[in-house]
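Below you'll find the structure, written out as structure tokens, and then a few comments.
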Amino acid sequence: MKIKHRWKTLLLAVLSVSIVLLGSIYYLRSVQNSLWLKSVTDVLEVTAQGCHALDTYIEKDMEMLHWLAEDLSAEDSRDGKAIQEEMLHLSGDSGSSYICISLDTNTCYGTQPGEAQKLNPEQAEALLALQGSGIREPYLDGRTGVWTLGYYERFSFQDGAEGFLQKSLPLSTVAERFSLSFYDDTGFSYVVSPQGDILIRSLHRNSNRTFQNLFDIIDLQGNDPDEIRSFQAALELGEKGAARFHYQEEDYVFCYVPMENTPGWYLVSIVPNRVIMEQTHNIVQNSQVFLILILVSGLIMAAFYIVHRTTSRRILQAEERARLAAESANTAKSRFLSNMSHDIRTPMNAIIGMTQLASRHAGEPDKVREYLKNIELSGQLLVGLINDILDMSKIESGKMKLNNMDTSLETLLTNLVRIIQPTAAQKNQGFHIYLHGITHETLSFDPLRLNQVLINLLSNAVKFTPEGGAVRVDITESPSVRENRAHLTIRVADTGIGMKPEYLRHIFDSFSREQDDRVHQTEGTGLGMAIVKMIVDMMEGTITVDSRPGEGSVFTVDLDLLLAAAADQENPALPGIRILIADSDPEESRTTAEFLRALGLSPDLVPSGEAAVQKAAAAHSRGDDYTLILLDAELEDPDAVGTALAILEQTGEKPPSLLLSAYDCAGMEEEAAAAGIKDFLQKPLLKTALHRCICQNVLGDKPAATCKDMSQDLTGRRILLAEDNMLNQEIARELLEGLGAQMDVVSNGLACVESFEKSSPGHYDLILMDVQMPVMNGYEATKQIRGLDRADAGVIPILAMTADAFAEDVEAALAAGMNGHLAKPLDIPTMIRQIHLLLNGNGD
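Using our numbering, you'd call the opening residue of the sequence shown number 1303 and step up by one each time.
Structure, rendered in structure tokens:
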């Protein structure tokens, strides 16, 4: 049995080696063929590049000829001096020359000074047969004896006479433009016609100077007639490809590419086959050596495997168990880091960008306040995201809860535009939000979560859309099948790189990213879409995606949102106000008009600035001026500012109120204001915003007064601040001293205890205590203060300020004897309100 088993093993080994050898031979031949095809493809690509260069050269000459023809069309056909001067402007040192012929009188003008010449009837007839513009086949110039290429164009002189303009260029000059070099200058090129006539010869030393036809060269070399006919047919059909023929006692590869600007012309590159095969042979020989080494190594490894199979299997099993254990241990940390790296980038970019803008415009308080407002909005979003990411127990257990509240769509979309628009603008992308059938502007939902969904979708759309592309959002309200709800359909579409169908099945899986070089160049973790799907599911909605590679993607989110507890305030009608809307986007113009009609107005719509000027002027001439004109910031010819100036000029002393609507007015406020534009409206425009704007700018209403959160007076209050971070010290000091408080600042818990102990009873009204500090932390410092033997030690309010924001941290602060807890980054209104409560005895 053992001998029989050994024979079977030996037979199996011989069979395996034979299969490997046969496979290696087949592989080497396949490699050789593939390398030859690759080399030929490279030559074909170089030929195509040379063809493109020659096409570009010809196109440039044709454009110059066209420009000259346009200049000559302004001249009189009998003014020979003026015609010659125009042609002399473009006559260069490359041997080119120009002639201009009046076909009505057969008069020929050249670039050389002298009398004009008359064409004989045969010459005139030949030129009359040439129509439009084009290139003449190379011809022998009777005057210079040089083979020449001629570009021509027919045109009309100012006096109506038919003109013919031609630029002549020596073929040697053209040949220098397309002479290609292959494989150490062993290849060369021709330009030929579909019939094989050689039109332009390469200056290469191997180029045949005797034959006039490429097929004649091939026919005399004993090549297969069928292959020659196939080659001829390919040229006649305008195809691109390669063929192999015997030429000059060896095989040559003929690569042919049709030219675009000269129909019927081909660029043919000829390369010796032996040169291509030399490189192929070297690679194949190296592959043979490599395969032999692999075979030997494989046999050795197989023998080793048979001897040590059991031991190796045990080692592999142990390593696999260790790998799985390590992966399991790192899952929580990887998930945490992935969430942070993906979800905080967009608001952080907005914060950094707005900070830079605020620095650049430090002397412009209005702009700085607007930038700081945007920073605050992005910071609030960032804090909300970080809080949820850090709360690992909530995410891992799936216990994240929605915090629904009445929220205005205007607020949601304004914040969204301020975060996404700067990134889209940096990539020169069109970014538009379109509203359809919106009747409820205030709904009940979790604004942070819905904002997170939209920012994920839009940041991906902007990220994976190339420069100059477009990102579009459509928000449509329709009746909901569920009671007391409105159905919103949010559609996010882009013209980006798109996704493959096989990936779409996994797009909402955690950590999934499409395996594509275009995607690998873009940062991301593969968690964003999974988070979006989770939030949409929590909101009892649906999300679908439609995408095709190279055509972009469309994400559709359907949500049934609760109607607000307080119904939308009805905006009173505004009759008697004439409004003109100038917007080049018909969809945005239509939506704005629908909202205005709902306010009792009948706006007029125009698609351009020029039409707006004409409309305003006509109304003024009738004595029926517009009360308000809304200009789109993207108007062109003229732009919005130019349109405003023109309207003011046309309407006289009582011009209409001019407003500018845009997604981002940054950088154009001063110019717009100088042009008479009174106010700016951020798109997308909702009915409430339009009503508010009309009331303020037409009816003279003032904006509603707002409550200032930091209005509490702290004059006479002394506060002790324990904080080791200098920036946090500066923020708290500036803020509280600005409200009248007197501040003492220390950098650690021990110094805080010592300062309080040295002070007289009642000296301090409040202690703001950081928790993580050197020397002594805030918890220990609070315990020591509470333990001091003095009247105010047990009653002075102590408020924790710390980046530790978990529920257990709040409990620890209270357990140490503190009266309250503020999480960093500080919410300023919340901090002031808490201080106010503690100082007035309401904070316990």
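Think of the CB as a built atom: it goes at the ideal place given N, C-alpha and C, for glycine as much as any other residue.
Under the DSSP assignment, Phe1810 falls outside any beta strand (DSSP E); it carries neither an H nor an E label. The criterion of a C-beta distance shorter than 8 Å is satisfied by Ser1963 and Leu1987. The beta-carbon distance between Arg1784 and Asp1848, rounded to whole angstroms, is 25 Å. This is too long to meet the 8 Å contact definition. Taking C-beta atoms under 8 Å as the contact rule, Val1476 and Ile1500 fail to qualify, at a distance of about 13 Å.
Between the beta-carbon of Leu1367 and that of Tyr1441 there is about 17 Å, and that puts the pair past the 8 Å contact cut.
Lys1917 counts as buried, since at least 16 other C-beta atoms from the protein chains shown sit within 10 angstroms of its C-beta. In this structure His1391 is exposed. Its beta-carbon is surrounded by fewer than 16 other beta-carbon atoms within 10 angstroms. Of the other Cβ atoms in all chains shown, 16 or more fall within 10 Å of the Cβ of Trp1567; this residue is therefore buried. Secondary structure at Leu2128: coil, using DSSP grouped into helix, strand and coil. In the three-state reduction of the DSSP assignment, Gln1414 falls in the coil class.
Within 10 angstroms of the beta-carbon of Glu1769 lie fewer than 16 other beta-carbons, which makes it exposed. Around the Cβ of His1993, a 10 Å sphere holds 16 or more other Cβ atoms; the residue is buried.
In the three-state reduction of the DSSP assignment, Leu2090 falls in the coil class. Contact annotation: the stretch 1779-1796 touches the stretch 1848-1860, with at least three C-beta pairs closer than 8 Å. Here the stretch 1402-1409 makes contact with the stretch 1373-1388; the two share three or more CB pairs at distances below 8 Å. Taking C-beta separations shorter than 6 Å and ignoring five residues to either side along the sequence, the partners of Ile1360 in its chain run Asn1563, following chain order. Shortest Cα-Cα distance from Leu2116 to any of Thr2017, Leu1961 and Val2073 involves Val2073.
By the beta-carbon neighbour count (other beta carbons within 10 angstroms, threshold 16), Asp1934 is buried. When the Cα atoms are used, Leu1947 and Asn1676 turn out to be separated by approximately 31 Å.
The alpha-carbon of Asn1408 is positioned some 6 Å away from that of Lys1420. In terms of CA proximity to Ala1991, Leu1901 leads the group Ile1594, Thr1945 and Leu1901.
Annotation: Thr1767 is outside any beta strand (DSSP E) and is labelled neither H nor E by DSSP. Excluding the 5 residues flanking it on each side, Cys2054 has same chain C-beta neighbours closer than 6 Å at Ala2024, Val2048 and Ala2083, in chain order.
For Ser1886, there is no enclosing beta strand (DSSP E), as DSSP gives it neither H nor E. Taking 8 Å as the upper bound for CB-CB distance, Arg2020 and His2065 are in contact here, some 6 Å apart. Here the C-alpha atom of Thr1744 lies approximately 22 Å from the C-alpha atom of Ile1722. Taking C-beta atoms as the reference points, Met2120 and Ile2100 count as a pair closer than 8 Å.
The three-state secondary structure of Asp1926, taken from DSSP, is coil.
Of the other Cβ atoms in all chains shown, fewer than 16 fall within 10 Å of the Cβ of Ala1431; this residue is therefore exposed. Here His2123 is buried, its C-beta having at least 16 other C-beta atoms within 10 Å. Here the C-alpha atom of Leu1317 lies approximately 41 Å from the C-alpha atom of Glu1629.
Contact check between the stretch 1583-1600 and the stretch 1328-1347: three or more CB pairs, one atom from each, fall below 8 Å, which counts as touching.
Under the DSSP definition of a beta bridge, Gln1460 lacks any partner. Counted as a single uninterrupted DSSP element, the beta strand (DSSP E) harbouring Met2071 occupies residues Leu2068 to Asp2072.
Nearest to Val1570 by alpha-carbon distance, out of Pro1496, Glu1552 and Leu2090, is Pro1496.
For Val1559, same chain residues with a beta-carbon under 6 Å away, outside a window of 5 residues either side, are Thr1349, Ala1350, Cys1353, Lys1542 and Leu1569 in chain order.
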